[in-house]
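Note sheet for the following structure.
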Amino acid sequence: MPQADSHGQAPPAVDASTPQLLRALGLWPAASIVIGVMIGSAIFIVPAEITREVGNARWAHLVWIVSGLLSLFGALTFAELAAMLPQAGGQYVYLREAYGPLVSFLCGWAFFLAVQSGSISTVAVGFARYLGDVIAISPGEQKSAAAAAIVALTAINIRGVEKGGFVQSLLTGLKVAALVALVILGYALGRGHADGSASLAAPSGAGFVSSFGVAMVAALWAYDGWNNVTFAAGEVKRPERNVPMALILGTSSVIALYLALNLVYYRVLRLPEIAGSPRVAADAAAKIFGHSGSHVVTLAIMVAMLGSVNGMVLAGARVYYAMARDGLFFRWCGRVHPRFRTPHLALALQAGWALCLVLLGSYEQLFTYVIFAAWVFYALTAYAVIVLRRKRPDLPRPYRVFGYPLVPVIFVLAAAWIIVNTLMEKPAEAGWGSLIVALGVPVYFLWKRGEKA
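Start counting the sequence shown at 934; every next residue gets the next number (the working numbering).
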């Protein structure tokens, strides 16, 4: 007899003849999703903004350390939820179990409309722009290249999660190898132009606190994406072990790599060069290896972006699949391909909407609006650990978050600070983001009414 879920409702019976998702991802492919999505383009760009905000290398390193620790606290917190509820949909499932279907639907609504789809579009267009540095292509051709990347990676993921996981592992391995090589050679060959005690003009007092906060938001953007592996937890082998390990090992590895990269940047470039550079990594490589070095780094950035897009494509569709299985999204998105054992229609819909955003050029605006909402859902999900400890003490917890309740509380407070900071610094964007999420409320009730009809 099926057991009732946390809302007192029995889950729908599963027909043994119905195709199901396949648990085929091991620890390295799962960790590759974490690492691959986190290392997109931001680490090559945001060091300039951070340097401008805080004014010297020591404060910049502190920004990366504190932001990295906060990201690790988030990963540790999500690891308990992932081990406890290793299902397709990840964060959506945790919100549903803690707060009910409305909150989880709003999260999925924001993810589909802008957060995940907008991220896929933004990074794909970034890849195409870097491609334009390698070969001469027009802006229109760059859009076509971005669209082609989305279509190709979606097609690979439709043909099997093993294939998507293999591509993710390959791209992640290549990008990590390239960045490790940059770190090692940067230390070996870099001339050490930077003066660690040098400073740019920077605010003091309350103004500096605000600038430090702005710098942290930029660093947290570079660290973002570690939660994606939870979306695909339904296809990870031994998820109670491998998903928490992927979260912790993947996030820790990226923190170490980012800190090492920034040490190289400040070793080979002067502060004004970093602060004024739109492409810090390429400039550092040019200093170390000469002009050809910047081309090598450009190729590495393109690989990094493809890996980020592939990870988001693989993971994101599982959220819409889970929503569909709950009757809160198009029912056909809950179907699994009988041969490939993937949510092929959810993948196709995700690609279609991401392509629309690329072609319409709307992705950056939408993404800016809902990044505020994304942090609201981060805070709610982290707090769900505390809620579910009280609400569902019966659930097995193969992994319990280290430092409970301090670690999740610190992450929730940090997320709340980012939310408040966004409201103060960018009230228009926060307002539009809140409106987009709020529009999901009537959609939710319409969907529920349609299911009952």
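All residues carry an ideal CB built from backbone N, CA and C; glycine is no exception.
For residue i, which of helix, strand or coil comes out of DSSP?
{"i": "Leu-900", "result": "Examination of residue 900 is not possible in this model, given that the chain is present from 934 through 1386 alone."}
{"i": "Ser-1186", "result": "helix"}
{"i": "Arg-1092", "result": "coil"}
{"i": "Pro-1329", "result": "coil"}
{"i": "Thr-1314", "result": "helix"}
{"i": "Leu-1372", "result": "coil"}
{"i": "Lys-1359", "result": "coil"}
{"i": "His-1270", "result": "coil"}
{"i": "Thr-1275", "result": "coil"}
{"i": "Pro-1338", "result": "coil"}
{"i": "Ser-1367", "result": "helix"}
{"i": "Pro-1019", "result": "coil"}
{"i": "Pro-1072", "result": "helix"}
{"i": "Arg-1322", "result": "helix"}
{"i": "Arg-1258", "result": "helix"}
{"i": "Trp-1159", "result": "coil"}
{"i": "Gly-919", "result": "Outside the displayed range of the chain (934 to 1386) lies residue 919, so it cannot be described from this structure."}
{"i": "Asp-938", "result": "With a pLDDT of 44 at Asp-938, under the threshold of 50, the modelled position of this residue cannot be trusted, and the question is left open."}
{"i": "Pro-1034", "result": "helix"}
{"i": "Phe-1263", "result": "coil"}
{"i": "Ile-1210", "result": "Checking the displayed sequence, the identity of residue 1210 turns out to be Ser instead of Ile. The answer is coil: DSSP assigns Ser-1210 none of H, G, I, E or B."}
{"i": "Ile-978", "result": "coil"}
{"i": "Phe-1378", "result": "helix"}
{"i": "Gly-1106", "result": "helix"}
{"i": "Arg-1251", "result": "helix"}
{"i": "Arg-1393", "result": "Since the first residue shown for the chain is 934 and the last is 1386, residue 1393 is missing from the structure and cannot be characterised."}
{"i": "Ile-1083", "result": "helix"}
Per DSSP, residue i is paired with what?
{"i": "Val-1169", "result": "Leu-958"}
Residues in the same chain with beta-carbon distance under 6 Å from residue i, minus the five sequence neighbours each way, listed in chain order, please.
{"i": "Pro-1331", "result": "Ala-1016, Glu-1173"}
{"i": "Ala-1348", "result": "Trp-1308, Tyr-1311, Ala-1312"}
{"i": "Glu-986", "result": "Ser-1144, Val-1147, Ala-1148"}
{"i": "Phe-1099", "result": "none"}
{"i": "Ala-963", "result": "Val-1162, Val-1169, Asn-1175, Ala-1179"}
{"i": "Arg-1382", "result": "none"}
With distances taken between CB atoms, is the gap from residue i to residue j smaller than 7 Å?
{"i": "Phe-1060", "j": "Met-1256", "result": "no"}
{"i": "Leu-1014", "j": "Tyr-1027", "result": "yes"}
{"i": "Val-1370", "j": "Ala-1306", "result": "yes"}
{"i": "Val-1169", "j": "Asn-1161", "result": "no"}
{"i": "Ser-1186", "j": "Ile-968", "result": "yes"}
{"i": "Val-970", "j": "Met-1245", "result": "yes"}
{"i": "Leu-1280", "j": "Ile-1089", "result": "no"}
{"i": "Ala-1031", "j": "Leu-1328", "result": "no"}
{"i": "Val-1048", "j": "Val-1303", "result": "yes"}
{"i": "Val-1334", "j": "Thr-1010", "result": "yes"}
{"i": "Trp-1159", "j": "Ala-1008", "result": "yes"}
{"i": "Val-1242", "j": "Leu-1107", "result": "no"}
{"i": "Thr-1231", "j": "Asp-1066", "result": "yes"}
{"i": "Tyr-1156", "j": "Ser-1004", "result": "yes"}
{"i": "Leu-1192", "j": "Trp-997", "result": "yes"}
{"i": "Ile-1188", "j": "Gly-1001", "result": "yes"}
{"i": "Ala-1111", "j": "Val-979", "result": "no"}
Who are the Cβ neighbours of residue i in its own chain at under 8 Å, not counting the five residues just before and after it?
{"i": "Val-1058", "result": "Gln-1075, Lys-1076, Ala-1079, Val-1291, Tyr-1296"}
{"i": "Pro-1271", "result": "Pro-952"}
{"i": "Tyr-1025", "result": "Ser-1037, Cys-1040, Gly-1041, Phe-1044, Phe-1164, Val-1252, Ala-1255, Met-1256"}
{"i": "Ser-1367", "result": "Phe-1305, Ala-1306"}
Pop quiz: residue i and residue j are said to be a contact at Cβ under 8 Å. What is the actual Cβ separation, rounded to whole angstroms?
{"i": "Arg-930", "j": "Gly-1097", "result": "This structure leaves residue 930 out entirely; the chain is present only between 934 and 1386."}
{"i": "Leu-1194", "j": "Ile-976", "result": "6 Å"}
{"i": "Gly-1267", "j": "Thr-1105", "result": "About 29 Å separates the two Cβ atoms, so there is no contact after all."}
{"i": "Pro-1341", "j": "Tyr-1316", "result": "7 Å"}
Excluding the 5 residues preceding and the 5 following residue i in the sequence, name in chain order all residues of the same chain whose CB lies nearer than 7 Å to its CB.
{"i": "Arg-1264", "result": "Ala-1257"}
{"i": "Leu-1018", "result": "Val-1026, Tyr-1027, Glu-1030"}
At a threshold of 6 Å, does residue i count as lining the ligand ADP (C-beta to nearest heavy atom)?
{"i": "Val-1116", "result": "Ligands in the displayed structure: none, and consequently the ligand ADP is not present."}
So, does the CB of residue i fall closer than 7 Å to a CB anywhere in chain D?
{"i": "Val-1376", "result": "Absence of chain D from the displayed structure is noted, only one protein chain being present."}
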